[in-house]
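In UniProt numbering, the protein residues as written are 1 to 725. Ideal placement from N, C-alpha and C gives every residue a C-beta, glycine not left out. Written out below as structure tokens is the structure these notes cover.
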């Protein structure tokens, strides 16, 4: 395999990253400009009718706003937030809410009049936001009162594109591009194929290890030995349910025992927090970087924010923080803008002093930690400037952009990347090559939402890059993929015992994607819904681990969002507006009725709704299924892409596609189907049209044949379904 030219790679990444940012910014701007606040809230991009309940000083001297629903808009009198899609870590703007008759609005105007910030906590009755640095007057004329928490009117918050991550990735690529060849370490040379990894001696790979957890299975122990012995790079391939995180915890403990310093990263906060939770009982000196309220409550004691308050070094910061809170409170009593400006000037001085003291405190805490944990882009913050680590571990590396991984890797000596390149890679919104654009145009009728993204064109491009184009640069190709293409399986070890699925559910993905190497652990291989820890009636729905409800015959046709040509002009306009929010997606109302029927049967058999999930590749189908949440509180609905990394006792997969042409769109992406079919523990029910699906690819043909031969096969009666409805 030809080596990769590092400057060319870095330059190409910068171009692609800019295109991705522009695509995300354009999408956000178009949505905000073209829809009302209520419509944006329904689409998960905004929360309306809020009031500022309070302010305080948070980590970094930032102002924290606490926003709660306006009690005047609550029908029940209980001020709880409505359904929304805002999550911790989201970048957003808080602004005065426009009147119902307000026309088009622009993101720039929102940002000028409002205050930009990051969501730090989402609860049932409030959302907390850490504001970005305010200007001298607190963020501008109209936002001064808002930033201080003294705005009297209603406000709303709108989700924006995250340009912070982009800036970190782009800055890293710029550094990589400017490095001379003489500055390339052995590590960098290996990762770009300019030299081969140092061979691992057989005796080192099989050496004796004093295990912290002796119950690890053989494949886990093999992966850890290999990672410890590798000099530059090791990949740990963790198929669904094989205990990848458990393996990484043992690896971290072994590295610390060798007196090595470890930086642990992942593409998301939840991926990092899962490791913190598992590592905490071992009393390892560690610190978790990141906004404390973005983190799981169970890991807060290891966050910088808490440690700076409870450590000796943090005591000197506490007094300044108290002064800042006092000044924040005094803003409420300010009689005019002149007094507010004076208080803001004092706050500015206090904030500067606070940050200087806090940075010294942070430096001492980080330097004393044997293990530091952060998101990949979070590792590029000031807290780690000048810090050195012996090993960088990246979890979920197959779900991260390569540029994201290079933020912690740029100065690394050795890396261990864990993930599963046979599940979905990160979602890419931009079209970043002519082949991708062409494929997208050809498949436009099969496309769905941004959440559903990545069609067959992207899948083909990913496959091409992984198979033979290690020098090719595309955002779709992850570091995990590229390293496998460069160096082959010699740098990888796979975990083979899975602890999630009944063996019948596991069988097809194991045979098709994992070389038939997966083995179901004894504790899970035969467990069924009837064996749950609470009473469940044994019947056909609870004693079968694999059910296929085959809708072949044409009685369950799919539908485009814009199929209804008989709609009135007003209805058509409404539908057009809706389609911009949920995309040119697909739905299948008759199939949704089958989903509802099967959910009802499971619940009537005793299965709790919170143990059931319904997943589908299409958000339009999710919209049709939404009433299930009211009918069965606790049930979980989600796109296949959004459910990656999750699991439930029972999973129902709605495939949606049913047409005479046999078009399946991005359902033909085997990694998407791999995610869908590996989420359940005890029961997987697939609902779809085998006649349509089997025409999509050889993989789909084999899957349909497997289900016909191995699942409890059912053919629904349309007339009975109509009567039941």
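At the level of alpha carbons, what is the spacing between residue i and residue j?
i           : j           : result
residue 480 : residue 81  : 40 Å
residue 504 : residue 718 : 29 Å
residue 366 : residue 67  : 32 Å
residue 633 : residue 612 : 11 Å
residue 663 : residue 698 : 14 Å
residue 645 : residue 277 : 16 Å
residue 596 : residue 85  : 24 Å
residue 556 : residue 640 : 21 Å
residue 257 : residue 374 : 21 Å
residue 545 : residue 593 : 21 Å
residue 307 : residue 696 : 54 Å
residue 358 : residue 301 : 17 Å
residue 635 : residue 610 : 5 Å
residue 658 : residue 129 : 44 Å
residue 139 : residue 12  : Below a pLDDT of 50, predicted positions are generally treated as unreliable, and residue 139, at 37, falls in that range; the measurement from the model is reported next regardless. Between residue 139 and residue 12, the C-alpha separation is close to 36 Å.
residue 265 : residue 549 : 41 Å
residue 630 : residue 598 : 16 Å
residue 19  : residue 474 : 12 Å
residue 649 : residue 618 : 22 Å
residue 416 : residue 2   : 23 Å
In chain order, what residues of the same chain have a beta carbon less than 6 Å from the beta carbon of residue i, not counting five sequence neighbours either side?
i           : result
residue 508 : 706
residue 285 : 369 and 370
residue 421 : 398, 480 and 481
Mind checking who residue i pairs with in its DSSP beta bridge?
i           : result
residue 67  : 52 and 127
residue 501 : In DSSP, residue 501 forms no bridge with anything.
residue 237 : 419 and 494
residue 548 : 686 and 713
residue 122 : 127
residue 477 : None; residue 477 has no bridge partner.
residue 639 : 616
residue 265 : 374 and 394
residue 157 : 47 and 94
residue 648 : 680
residue 519 : 497
residue 115 : 94
Helix, strand or coil for residue i? Go by DSSP, reduced to three states.
i           : result
residue 289 : coil
residue 507 : helix
residue 613 : strand
residue 222 : helix
residue 494 : strand
residue 325 : helix
residue 654 : strand
residue 559 : strand
residue 89  : coil
residue 374 : strand
residue 587 : strand
residue 349 : helix
residue 489 : helix
residue 247 : helix
residue 303 : strand
residue 232 : coil
residue 30  : helix
Cβ of residue i within 8 Å of Cβ of residue j?
i           : j           : result
residue 37  : residue 30  : no
residue 390 : residue 413 : yes
residue 92  : residue 51  : no
residue 163 : residue 21  : yes
residue 796 : residue 253 : Residue 796 lies beyond the stretch modelled for the chain, which goes from 1 to 725, so this question has no answer here.
residue 691 : residue 552 : yes
residue 403 : residue 478 : no
residue 683 : residue 591 : no
residue 331 : residue 340 : yes
residue 4   : residue 153 : no
residue 173 : residue 14  : yes
residue 643 : residue 679 : yes
residue 712 : residue 547 : yes
Please decide whether residue i counts as near chain B, where near means a Cβ-Cβ distance under 8 Å.
i          : result
residue 49 : Protein chain content of the structure displayed is limited to a single chain, and chain B is not contained in it.
Counting only the same chain and skipping the five closest in sequence on each side, list residues whose C-beta sits under 7 Å from that of residue i.
i           : result
residue 497 : 217, 219, 242, 519 and 521
residue 199 : none
residue 425 : 398, 399, 462, 476 and 478
residue 282 : 253
residue 624 : 587, 589 and 592
residue 222 : 493
So, at 8 Å on beta carbons, what are the nonlocal neighbours of residue i in its own chain, with the 5 sequence-adjacent residues on each side left out?
i           : result
residue 323 : 350
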